[in-house]
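Protein chains in written order, with the numbering used here: chain A, 125 to 359; chain B, 194 to 279; chain C, 1301 to 2033.
Glycine residues also receive a C-beta, built at the ideal position from the N, C-alpha and C atoms.
To keep things clear, I will list the structure first and then write my remarks on it.
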Amino acid sequence: MSDAPRVGVITFPGSLDDRDALRAVAYMGGEGVPLWHGDRDLRGVDAVILPGGFSYGDYLRCGAIARFAPVMDEVRAFAERGGPVVGICNGFQILCEAGLLPGALIRNRQLRFVCRWVDVRVETSLSPLTADLLAGEVLRVPVKHGEGQFVASAADLERLEGAGQVVFRYCTPDGAVDDATNPNGASNAIAGVRNPAGNVVGLMPHPEHAVDPDVGATGGQPLFASLLASALARV
Amino acid sequence: MRFTFEVLVRLKPGLLDPQGKAVEGALPAMGWTNVSGVRVGRHVELTVDAPDETAARGQVEEMAHRLLSNPVIEDFTILTAAEVGG
Amino acid sequence: MSWGEPLHRALGLTDDELEAIVTTLGRDPNPSELAMYAAMWSEHCSYKSSKIHLRTLPTEGPAVLVGPGQDAGAVDVGDGLAVVFKMESHSHPSAVEPYQGAATGVGGIVRDIISMGARPIALLDPLRFGPLTEERNRWLLEGVIAGIGGYGNCIGVPTVGGEIAFAEPHSANPTVNVMCVGVAPAGRLVTSAREVPEGALLVLFGAATGRDGIGGVSVLASRTIEEGSQESRPSVQIGDPFAEKLLIEASLELVERDLLEGLQDLGGAGLTCAVSESAARAGLGAELDLDAVPLREPDLEAFEILTSESQERMLALVAPERLGEARAVCERWGLASAVVGRLVRGGGLQVMMGGTVVADVPARSLADEGPVYARPMEPPAEPDDPFADDPTFAAISVDVEDALRRVLASPGIADKRWIWEQYDSLVQGGTVRGPGGDAALVRIEGTLKALALSADGKGRFGRLDPYLGAAHAVAEAARNVACTGARPLAITNCMNFGNPERPEVMWQFAESIRGMSDACRALDTPVTGGNVSFYNESGDSAIWPTPVIGMLGLLHDYRLAVGSAFAEGGAAVYLLGDTLPELGGSEFAEVVLGTNGGRAPGLDLEREQRLHLLLLEAAGADLLASAHDCSDGGLAVALAECAIAGDTGFAIGLPGDLPPHIALFSESASRVVVSVDPGRGAELEDLAGTLGVPLARLGESGGPRIVVDGVLELAVAEAAAVYREAIPKLLAG
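Following this line, the structure appears as structure tokens:
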């Protein structure tokens, strides 16, 4: 597979969008590497994706049980070495539970699952998903979750905002943030955040479902392109 | 010895509780107009084998902190502890 | 139940059925055996009232790989692939506990698909409720939707479509149907055609067995265990979608690695059904050891283990030398597995527990030799004058614009986004077109092909004429599929009816089967399977005869898929098909005139098929800018939906000399609204001429307004607001 960046996608029991993430990586020219929750092995990948789904049925709390999977020790070590780690939807929830990302995700404001296409505004280039993008760019991607309302204490929110750790915000197609386009009631319309170092990022929208124009919009393409570039930088 | 515990996990005060809000919103329609402060939590029962209650309680506290609750958004209280036969 | 009632009757078996059992066994059955027969010979499992009618359905065609009688039907879609699909009802459990009833319905149909060795790739949910003005109906709808989402979203199978209809008889009896579609390499289908060797082990895997869903035979418990303990018997089954997801992956890995001789899901009649069918299909008998069955709670009795309907369980047939590998697969997916028996020579099913034989009966007698009834039928008395209450001929004056608003706001017509946004329609990455259009399109991975899927029932027409209701349902489902450019291939169905012991209901059923047969023959869409749901009535209020058709179509290149939305910038708008004065059973008649009476629209199946041919040819030539089925709500609603979907208006004139309210709201069959590039209108007209499809050029699309010359004028945005806000408003109470 020559010099295509290798992006690992972890399958936890109950992961659902793992195949979709692998397909998106391949579609964008990377090599997708399936990883297993029970293995203490990242198979030498250049980046890691924790995919969407309902790991362990979302029982107890979303992501609460998956964070203790053996593979998560390796993910933590990989992140500490600066490796790019992306959590999508349930993967985002797992990273928050694991303390690798700030905040938490609770039930949607409307108490209903929501599956719809939304617009998100890029807030910073300092993440593996947005390295090739400029703050202010608007991308069309789908959300599909029942517990996607990002929350943190007022002090934490202020710190996150101040440190530029908010990566994505729900917005109108023109990039304006308003309550009507916030699909879950997230604080400050936050759709994704990063860690202070900037190599771990989590988001509720599903960029992996937005790369193939035959099945929808392509707002996920630049995000995967950035991720592959970030991964390649480590090869 | 075996001990049973009940652990109550609640959202931290001040955090929005969408479920609590929904319940609170439904009550007036059913005629109860004098209710406020509804918060929905989680109740966990478990049984622990341990040499004594102190050890058991210590373990439950750790489990509650690490798994049963998410310290970012939730507090927990150990409600009861009782020794059981067998 | 009184002590005076014989046990077999308390279990729901008739005296004649008991006699048949005694003749088969040559002795009296013991209570466990009686429970097994009661479960297997129930209407739900044996189809005893419907079988003689179902036999008349067309079930064969060049593409049909597996017809009725198995867990699901299968159709050849080329490239060495088979599509497996099936529909089922979970109406009765949903009426009691809507969330879990609907959730476990999804779980059951998905297991039907995996038991064929296919990966589930799409779900559709045709639903029927009473009016949303009643709080209980809102509670039922919200619970059912949440249950479908709660289960379906958690197992990673996209919910891509369905339909939601409303009618008063569904207040007491909501109709909850669910259809699942799967794909498998044709050569790897797990079917009864496979030869299963003697000695194959019965491996039960998945969830443990508890006292779930044994309500039908729980009468036995009152005789054998003390009072009080039965109180804890759950009448509601709780679904565990996480376990189901693991079951999907483990089952498919077992099939892909060729570790199985057979695979059965555990549904109605539980282990009894799975084991007796496995043995009967193999032409063998079986030994079953109940002590080996993993239990969720202690002290289950034999009859409980035998008939438990605990969810998320599968039964695999495994050759002894493959057992280790097979169990390792289950373990890798975190699922318990246990060898509970094996297939043996002879035809007997011998059940052991605690070292003694608790049942010993011929497997075939359970699985294949249930009773078959030709129940009495009687058509309802004909009204003296069928035209008397037909709304088509009512002398009325109608404000057409106001009528359009009211029809667009009617929950049967209005935008269902509030509902389907609660379903994950995107997972698996194959959804070319999700809910909200004529038919959903799901691509087949690794090809340019897509499956076109539609589920349709015509309750109002069925009430007026069950034959026509069924035929219209088939025609509309096929038309929806054809509107995308796909060729209708085959159907599955769910027959939703009242009590078959009433001659009037049985007549409705027979008429519906006749209508479905005729339509499927004419449209070349054989019936590959289905489900019959009787007893949808309470008191003297039965639901309308409602066959729901699940249509499977094939699109050879999804890049040529046709959508329903009007595109910006003037396209020529045509109506294909003739509009006749047919307001009977229409949305307009119900919403505006307040009547469901009259005569159902006629249906010329040969015409219908020519219309489909035209759509296929036109789509294949990339001629159609849009195509949209013209059915519920008539031409007015079809046009408005095209406009709302594309946020683009139109200006048309009405052809013919029908009064405007009839031209706009008649629900004549075999009609489609299409738009084409104005430069290619002649091509479409030529094609229609060649195929003999009536066609009328109505006008043009474009602009921000809906304009029907001399009749009505309305901003698209206003129509869209009415259409989109209706259901959220109703649900807000």
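The beta carbon of residue 270 of chain B sits closer than 6 Å to those of 201, all from its chain and outside the five residues before and after it, given in chain order. Taken in chain order, the complete beta strand (DSSP E) segments of 3 or more residues contained in the region 1391-1429 of chain C are 1419-1429. Distance from the CA of residue 286 of chain A to the CA of residue 349 of chain A, rounded to the nearest whole angstrom, comes to 27 Å. Residue 1379 of chain C is classed as exposed because its beta carbon has fewer than 16 other beta carbons within 10 Å across all chains shown. With respect to chain C, the C-beta atom of residue 194 of chain A has no partner C-beta closer than 8 Å. Residue 271 of chain A: not part of any alpha helix (DSSP H); DSSP gives it neither H nor E. Under the three-state reduction of DSSP output, residue 158 of chain A falls in the strand class.
Contact annotation: the region 1474-1485 of chain C touches the region 1386-1400 of chain C, with at least three C-beta pairs closer than 8 Å. For the pair residue 2022 of chain C and residue 1873 of chain C, the CB atoms are not nearer than the 8 Å cut-off. If you look at residue 294 of chain A, you'll find it isn't in any alpha helix (DSSP H); it sits in the beta strand (DSSP E) that goes 290-295. In the structure shown, the three-state DSSP call for residue 1650 of chain C is strand. Annotation for residue 1808 of chain C: the continuous alpha helix (DSSP H) segment containing it runs 1803-1823. Spatial neighbours of residue 1788 of chain C in its own chain (CB-CB distance under 7 Å, excluding positions within 5 residues in sequence) are listed in chain order as 1778, 1781, 1782, 1823, 1825, 1851, 1853, 1912.
The beta-carbon of residue 333 of chain A is placed less than 8 Å from the nearest beta-carbon of chain C. Nearest to residue 1334 of chain C by C-alpha distance, out of C:1666, C:1961, C:1915, is C:1666. Going by DSSP, residue 1963 of chain C is part of the alpha helix (DSSP H) stretching over 1960-1965. The contact set of residue 211 of chain B on chain A, defined by CB atoms closer than 9 Å, consists of 230, 231, 232, 233, 234, 235, 273, 309 in chain order. Listed by position along chain A, the residues whose Cβ is nearer than 7 Å to that of residue 215 of chain B are 235.
With respect to chain B, the C-beta atom of residue 176 of chain A has no partner C-beta closer than 8 Å. Judged by DSSP in its simplified three-state form, residue 2022 of chain C adopts helix. Per DSSP, reduced to three states, the secondary structure at residue 1863 of chain C is coil, with no helix or strand assignment. Restricting attention to C:1754, C:1807, C:1745, the CA atom closest to the CA of residue 1766 of chain C is found in C:1807. If you draw a straight line from the Cα of residue 2002 of chain C to the Cα of residue 1936 of chain C, it is about 16 Å long. Contact note: residue 221 of chain A reaches chain B through 263, 265, using a C-beta cutoff of 9 Å and chain order. Residues of the region 185-218 of chain A with a C-beta less than 8 Å from any C-beta of chain B: 185, 188, 189, 192, listed in chain order. For residue 1564 of chain C, the three-state secondary structure derived from DSSP is strand. With respect to the 8 Å criterion, residue 1740 of chain C and residue 1424 of chain C are classified as neighbours on the basis of their beta carbons. If you draw a straight line from the Cα of residue 1316 of chain C to the Cα of residue 1569 of chain C, it is about 21 Å long. At the C-beta level, residue 1977 of chain C and residue 1925 of chain C come within 8 Å of one another.
DSSP places residue 1874 of chain C in the uninterrupted beta strand (DSSP E) bounded by 1872-1876. DSSP links residue 235 of chain B through a beta bridge to B:202.
With respect to the 8 Å criterion, residue 1650 of chain C and residue 1491 of chain C are not classified as neighbours on the basis of their beta carbons. Residue-level contact check: residue 227 of chain A touches chain B, since one or more beta carbons of chain B fall below 8 Å from its beta carbon. For residue 1386 of chain C, the secondary structure class from DSSP, reduced to helix, strand or coil, is strand. Setting aside the 5 residues that flank it on each side, residue 1629 of chain C is surrounded in the same chain by 1550, 1553, 1554, 1557, 1559, each with a C-beta closer than 8 Å to its C-beta; the list follows chain order.
When CB distances to chain C are screened at a threshold of 8 Å, the residues of the region 302-331 of chain A falling below it are 330, in chain order.
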